[in-house]
Each structure stands twice: as C-alpha cells, then as structure tokens.
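Worksheet: one structure, shown below.
Protein chains: 2
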Amino acid sequence: MIEEVLETMNKYDMIKKGDKVIVGVSGGPDSMCLLHLLYSLKKDFNISIVVAHLNHCLRGKDADEDEIYVRRFCENLNIEFYNKKVDVNKISQEKGISCETAGREARYNFFEKLKQEIKAQKIALAHNANDRAETIIMRIMRGTGLEGLIGIKPVRDSIIRPLINIDRKHIESYCSKNNIKPRIDKTNFESIYARNKVRLELIPYIEENFNKDIIQTINRLSDIVEIDNSYLNEISQKMYKKYCYIKLNNIIISKEAFLENRAILSRIIRIALGKLKGNLYNVQKSHIDDVVELQKGDTGKKIILPNEVVIQNNYGNIYMCEKKIKIEKINNEFKLNIGINNVISMNINVKLNLINNGENLDLNKKYVKYFDYDKIKEDITIRYRQNGDLFVPFGMKGNKKLKDLFIDLKIPRYKRDKIPIICFDGNIGWVVGVRIGDLYKVCKDTKKILEIKIEREE
Amino acid sequence: MIEEVLETMNKYDMIKKGDKVIVGVSGGPDSMCLLHLLYSLKKDFNISIVVAHLNHCLRGKDADEDEIYVRRFCENLNIEFYNKKVDVNKISQEKGISCETAGREARYNFFEKLKQEIKAQKIALAHNANDRAETIIMRIMRGTGLEGLIGIKPVRDSIIRPLINIDRKHIESYCSKNNIKPRIDKTNFESIYARNKVRLELIPYIEENFNKDIIQTINRLSDIVEIDNSYLNEISQKMYKKYCYIKLNNIIISKEAFLENRAILSRIIRIALGKLKGNLYNVQKSHIDDVVELQKGDTGKKIILPNEVVIQNNYGNIYMCEKKIKIEKINNEFKLNIGINNVISMNINVKLNLINNGENLDLNKKYVKYFDYDKIKEDITIRYRQNGDLFVPFGMKGNKKLKDLFIDLKIPRYKRDKIPIICFDGNIGWVVGVRIGDLYKVCKDTKKILEIKIEREE
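These protein sequence lines are chains A and B, in that order. Going by this note's numbering, the first sequence opens with residue 1, and the numbers climb by one from there. Going by this note's numbering, the second sequence opens with residue 1001, and the numbers climb by one from there.
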C-alpha cells in the first residue's frame, strides 16, 4: 500500500522537502493510518508533522474520548497535538446549513487558521477512494451536475489527500498490521443512514452483480469529469471578468453574457452568486434556470434566490444583490444590521459581515474596513458629524476633536458634512474614507471580525 | 401524458407541419405507444406517418411474430409498413462488435435508407426516460466519461424521441387505457441480464431507499452533462480543424495540439480516430492516454490501437493511419485488400472500404471513387498501362482503346506511364485521375459500395 500512496503523492506533487504538514486526525481508521504512514515516512521526506483534531461536540462523551485517544497517540510518538471544540449542531442551526456543511467548514477553518499560526505548508486529510466513490454515488442519486461528480480532489490549494486512491479495506488491513486500534469507524455528519446504506448495501450489491471494481471505476469517472469541468471553469472565470462588474454592492451580469453558450453562462451565474455571498449554499440548477428566464423577461422584474439574494432584470442586464433594507433615520442616525445591505440613501449602501478568517485582510481599501466585533456591545450606527465630536484616531491614545482632524487633513468645510461616520455604541469607529478609530481596531487577540463595506455612488 | 409529450415535442422543435415521419416500431409497449400517439396527433400536426420494423433474427419465431403483429396493426389503421430482416448475430461476429452495437447500426441504417427512399423528414424512436436512466446507470457502473453520461439525446439530426421524458409506467398505463396489447416487453440486445437487474432490482432499491424520483434525477444529470459536453465538443471540432490534416491516408495531429487543455486534447484525439475509422468502437480512455504518452516520448515510436490503427510519433507530431501493408508486385500488378491501407510504393497508398450507405457520395472527387462491389467476382488489382489495354469509359457502351482515350484527352506520353489503373477481375475499372469505367459504376440497384481512395504524394 505504501507504494501506491507514494505514487499518488508523487503524481500530484503533494509534499516538498522541509514542509511542515498538519495531519487532520479524527481517530478513525483512515486518519490514524494516514498519521502512522506520514510519521513513518517523515525522515525520508524530510518533513515535520503536527496533528490537528477537531471535537465537533456531536457525540457527547464519545467525542471527548476520541480527543483523548488521539492526544495520547501523539504524546507516545512525541507529535505536536492541537485541538479545538466547536458546537457544530449550534452552528448548523444558526446558519441554516446542514451539520455536514457546518462540520466541514469548522474543520477547514480550524486547519487553515492553525496553518497560519504555526506556519505550516500543507494540510493532509485522510479521504480514501471509498469516500470519494460513496460521495459521488450519493450525489448522483440525489441529483447533481459536473461539479458534484468530481467528489473529492486529490489536491486543493494546500490540502493534500495521500489516501485518495486507496480502498478502505487496504486501510483497515494496514491498521491491523501495524497494530493501530482506531477509535471509531467514522464521524458522519451527513445522514449517517444514507451513507451507511450506500457503503454496506448498495456498493456491495453493485460489486457482486455488476462490477467488482466499482470503487475505482467511479474514481476514474471522477478524474475525467474533473478535467472537463476545470477547463469549463477556467473559461467561465475569464468570461466572468469580461461580462461582470460591481456597482453599489450589486454584481451586474451584462446582457451580452446571456449570448454565451449555456455551459459557460450557467457557470458565470454561479460565480457571481458565489462572489456575492461567499458560498453557493442551497443554490440549485433550477435557480440558475430562473435567472436565465428572468433575463429573457421584462425589465424591472425581480426574483429572490435562497440566502436572501435579490436578482433583478435591468434592461436585460442582471443585477444581483443581497436583500436591501431601507434604514429609517432615528435621532439623526441610522442603525445598521449585520448580514444585509443597509440602504441609507439613494447613493449609500452599507454591508456588514462577520468573518471568521482573519487572513489576507486588505487593510488599505478606502471603503472596506475591519473591526473587532467582540468589543462592540450594542449598536452599530451611521450618521454625519455633530458638534463636539471626539475620536481616538488609529495609532493614537487620547481623544482628539474631529474638527481638528479635519483641519489637520485639510478637508474643506463643504465636504465635512457629507462624510459618513460609523459609530459603535455611540463612539466613533470610522470616519469613512478618512480614518478608523483606535478603540475597535483588529488586533492579535481578535476572534470575530466585523467587515464594513460602504458603497457610494458619486 | 399527451401534454407532457407535446411539451417535449415543442421544446425540442421535433416536428414541422407537413413532415413525413418514420416511426420505428418493434412491437413492444414503448413503440406501440409512440405509434398510437403520433397516429392520434397526425391531423393536429398535419403530418404523415409510416412504420419501419426491423427483424433482428435474434429471437427466432418470436421475432417473426413481432413482425406480423406490427404489420397487422398497421394494416388495420391503414399505415404504410416497411420491414427488413437482418441477421444481427452474424454481423456482430463478422465485425467483432457487440450484438447491441450491430443491432443499433442495422436499425439506424435501415431507417436512414428508408428515409431517403420515401423522402421522409423525421425518424421517431420510442426511447423513454427509464431507458435513458438505465443506460446511464449501466455506463456509470461499467466505467464511462461525459459522453456516456448523456445517454440518449431527445433529438439527433433527423431522429426524434418524443417519449424521452416519459416514465415507463406511464407508457404502460397508456397502452392499457388505449387497449393496445404490445407483443414483448423489450428487445434487449445487450446483456439482458444486466439491464434487467438494473431495471428490476437496482432502480427499485434506489427508489425505495434514496430517491423515489431517481429516473428523473438521472435524466436531469444527463441534460446538464449534455450542455457541457456539447460545448466542449464544439470547441474541440474547431481545434481539430486547426491542428489536424490528412496526408497519404494518415491523419496528422500537430504537436501544438498537445499544448491544449487536456479536456480538449482528448477530444481532438477521439475526433481523429473517429475520422480515420468512421467510428470509435472499442476506443477507451486508456488508449487516449497512450497517445498522449507516445507524443511525449521519442520520435519514431509506434503503438497499435484497437481496429488496427497505427499511431506513430514523428518529431512530436502524431501520425495515425490504418495498418499499412506493403503489397508485393506479382506479374506487374499489385493485389489490393479491403479494409487496410495498401502501400504500393513510397508515394502511393490505396485504401478500400465497403460502405453500406449510398447517400451523400461525392462523385466529383478526383482520387476517391465508388464502385458496385457485387459485380466484382475475384480480384481487385492496381497496375500501370499495358499494350492493348481496352476499356469501356463511364457513360459509353463499347470498348475503347486506352491509348485512344489518352490521345483524346491530350495526356502527354511521359505522363501515361505514371497513371495507376485499378482493375476488377482483370477489367479496367478506373484510370485513376482520368475516368472510371462503365461496367462497375454505382447504380440504383447497387447494394454494397466499394470505396477506393488513392493517396499520392507528388
């Protein structure tokens, strides 16, 4: 089996000398096998290994015992061990996504964040050929497109899957040969019932009656589809750049895009929806069809897609935006809401999002700024300047009169009244386009980041 | 059900007013339902209907009774009826292809030929949503790529499939409501065992345990894949034209093609193989991979693909040709073989093929001519002119001296010795590049056509 794993690792160029590799370990046979294997190849590859374990809080005491098991295994071999607890059930309910999706998101966030913190290069995960085939079969049965037929990729960004071509039975025999006694069969977030039925009934039935090599057959299909799909995606990304642009928090797909081949057009729409929301949760083929139909119809018509996305036909161009809410002015200020498009006036939209991942923040954008969400107790508001405004500018300690700041920066008086000001609990957090405040800035200890994006049409 | 069928027919623009439609009828429930349906819609659509029935000689007396059943049904409704008998088993053995493929080919040839003869516009076939889903599921289990996931198309050229979105159970209930008593369940050429297992065990199991709408789910997947695949094929056809050309019966893929994305490159290679042999029987993904590997290797290296196709790396360009056989000269002439590339000298190749379908023959090509194969008793040879050669030129009745023909046509003497002459049983059939003979020309009654293609490098 080691030879096959090495072949896969070579084929996809998974590891470079000197890499620090985070191994995601649940305690089940797959990840224990992967850990043992990478540990024994550590010297040959000249890599270092750390283990990351996420406790999903899904299986009560069992989950805690998994954690202890992996921790002890690491202690015995003197492997660095990191763990984290996340209440996946709670997140799933809060976000209205499946437990499976919430669990995956939590794991990948944890791994990515750890990667940054400990300056690792790779994240090794233990998906095997059966996982991939099962996933694909389930998706075929549920309904899917090309994307779904790809299943699990051998490599994506810094994530590597050395066992992706290995059958489960080989993994199990590796474990027993090496005297590894894995904790659990598998942590199944999605309908355990369905996957187990696929694994224990459907696949054995197909193996017996049609093709004893069904796992590898499905994996080959997946490889072919991946080649075709990634080419289509590549072209669609180019076409997205050609036809789409952003204006006042809308993503606009020009009507010319709708003359493209349907294979490309569908992908352009998906890319646009993805950019708008950061993900494609709950977006189905029928929604894409709806957008295409909308474009053929009358100007002014609207539809609402899942996740509160509003799509409008504007003279044949398609405008996509998150649900906009016109905010009422109370005592000369507007109270802002997170997760929607706050419409302040005809030409000012404010979008607030909470983001988990603090990497790659671009702090130099003029109209997008980041704040430490946990320091905000109650209200987030927007208003214009008032007499006596005080403010601790970024990098300073004490209060400064806002008026003095304007004078220092030589901002002409007629402009001062038109500069929006974001306040947190009544304190100035951002003089938009001018300076953020020091009190709410993102720092090392920040856990939840609030992104505020202001779109103004001049 | 009629509404659904009408919707499908409209969506794909299947029928125009005044069309003459050939309905392929086996006698089973699907085709009887289709026939009955089209017959009852005949007036509304303003179309005329004829029935074509192919007896595959696969089920002995039963097959003959099917024929009688369909014939009587047509007589009762006063529908024109055409039938043909083909020994599919024999063809399958002769050509080394499956019974399924041979049967399909025989049916489609029969329908196409009939279409020409009676000047029909459309051929209506009775594939239903279950057929399509079963085909796709079987291909997934056997191993396939995008092409295989498409299954059966609603429309291809003049072939239309009005029942393609209708479930089998609706067809059966249509038959019983309309008092139609179909002959057989289905003529299954491919492993009846496998398809029946899919139909009677696998699909019901999936319906019960995973998705009761699996038939339509698979059909939707197929629709999506078709859009993506036809776009990829369209691009690949353009790239084929850009990178490939023909020389001495070789199809040459320029090395630049191998820099294209793999999704496109694989299709270019398939198109080339298809053009060379007229079909892609037995070509698998691994063969395409082999061609790509060959191109990366040393010049001069060769591989043989199924159907006697020889692939050679020529300084990074890929040369594809049918197996070439160097023909030995006996008594100043060369005996030619059908189905291979006859190499006469360094710069003359002769390719002989038997073709079934006499439509669209281009009779004006200088170096490709067609002959009535059944008039040839023994040998097909090639030689140069000899003293006393006599010949009945095309369109004439009596013999003419070849020498006189050359003089009439003012062909200079020094050229006359270099003009190849094709003989059938010793009689001149073609003075290559000059004139064909009258005795072996293709006429109305010709059944088997011999195509001779001469490639000369000047």
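Note that CB positions come from ideal geometry on N, CA and C, so glycine has one too. Remember, predicted model here, so these are calculated numbers, not experimental data.
Buried or exposed: residue i, going by 16 or more other Cβ atoms within 10 Å of its Cβ?
i        : result
C1443(B) : exposed
K1301(B) : exposed
T1299(B) : exposed
D66(A)   : buried
E105(A)  : buried
F189(A)  : Since pLDDT at F189(A) reaches only 48, below the 50 mark, its modelled position is unreliable, and the value read off the structure follows with that caveat. Burial call: buried.
S1173(B) : exposed
Q1295(B) : buried
G1096(B) : exposed
N1313(B) : buried
I1253(B) : buried
L200(A)  : exposed
E1094(B) : exposed
E1204(B) : A small fix is needed here, since residue 1204(B) is Pro in this sequence, not Glu. Under this definition P1204(B) is an exposed residue.
G1024(B) : buried
S1092(B) : buried
R183(A)  : buried
E112(A)  : buried
Have a look at residue i and residue j and give me their C-alpha separation to the nearest angstrom.
i        : j        : result
K1323(B) : R1435(B) : 29 Å
G339(A)  : R383(A)  : 19 Å
I1227(B) : M1138(B) : 21 Å
F73(A)   : I1136(B) : 46 Å
K99(A)   : N89(A)   : For the record, residue 99(A) in the displayed sequence is Cys; it is not Lys. Their Cα atoms are separated by approximately 6 Å.
I1355(B) : I1344(B) : 23 Å
Y82(A)   : A1263(B) : 41 Å
N211(A)  : R1142(B) : 7 Å
I1140(B) : I140(A)  : 10 Å
S230(A)  : D223(A)  : 11 Å
K1017(B) : K1043(B) : 10 Å
Return the residue from the list the options that minimises the CA-CA distance to residue i.
i        : options                                   : result
D974(B)  : I1380(B), D1404(B) and P1162(B)           : No information on residue 974(B) is available, as it lies outside the stretch 1001 to 1458 that chain B covers here.
L6(A)    : R161(A), P29(A), I22(A) and E117(A)       : R161(A)
E1003(B) : K1197(B), I1166(B) and A1257(B)           : I1166(B)
K1119(B) : L1361(B), D1019(B) and R1168(B)           : D1019(B)
N387(A)  : L259(A), K401(A), F394(A) and P393(A)     : K401(A)
F1441(B) : P1420(B), P1393(B) and P1412(B)           : The question names Phe, yet the displayed sequence has Lys at residue 1441(B). For the residues P1420(B), P1393(B) and P1412(B), the minimum Cα distance to K1441(B) belongs to P1393(B).
G1297(B) : I1376(B), D1379(B) and F1258(B)           : F1258(B)
K966(B)  : R1195(B), I1419(B), I1449(B) and Y1231(B) : Examination of residue 966(B) is not possible in this model, given that chain B is present from 1001 through 1458 alone.
Can you give me the Cβ contacts of residue i inside the same chain, cut-off strictly under 6 Å, excluding the 5 residues immediately before and after it?
i        : result
V225(A)  : L146, L149 and I150
V50(A)   : I22 and E80
I1454(B) : V1350, Y1367 and V1432
K1255(B) : G1316 and N1317
I1303(B) : D1290, L1294 and I1311
K369(A)  : W430, I436 and I452
R1168(B) : N1128 and N1130
I1407(B) : none
L361(A)  : Y370
Using 7 Å as the limit for Cβ to Cβ distance, is residue i near chain D?
i       : result
D228(A) : Reference to chain D is not applicable here, since the protein chains of this structure are A and B.
Note down, in chain order, each residue of its chain lying with its Cβ closer than 7 Å to the Cβ of residue i, except the 5 sequence neighbours on either side.
i        : result
I1251(B) : C1244, A1272, K1275, L1276 and M1320
E333(A)  : T381, I382 and R383
I1218(B) : A1133, I1136 and I1137
L35(A)   : V23, V25 and V51
D87(A)   : C57
Tell me which residues share the same chain as residue i and place their Cβ nearer than 8 Å to its Cβ, disregarding the 5 neighbours each side in the sequence.
i        : result
I1015(B) : M1009, V1021, F1045, I1047, K1122 and I1160
D1417(B) : Y1384 and R1385
H1127(B) : D1030, I1152, R1161, L1163 and I1164
I1206(B) : I1214
V309(A)  : L273, L276, K277, M320, C321, E322 and K323
With three or more C-beta pairs closer than 8 Å as the rule, is the segment 223 to 242 of chain A touching the segment 259 to 273 of chain A? yes
Does the pairing of the segment 420 to 428 of chain A with the segment 308 to 328 of chain A give three or more beta-carbon distances under 8 Å? no
Quick test of the definition: if touching needs 3 or more C-beta pairs under 8 Å, does the segment 27 to 46 of chain A touch the segment 68 to 88 of chain A? yes
Any 3 or more C-beta pairs closer than 8 Å across the segment 1152 to 1163 of chain B and the segment 1052 to 1067 of chain B: no
Is the segment 1281 to 1295 of chain B touching the segment 1341 to 1356 of chain B in the sense that three or more CB pairs, one from each, lie closer than 8 Å? no
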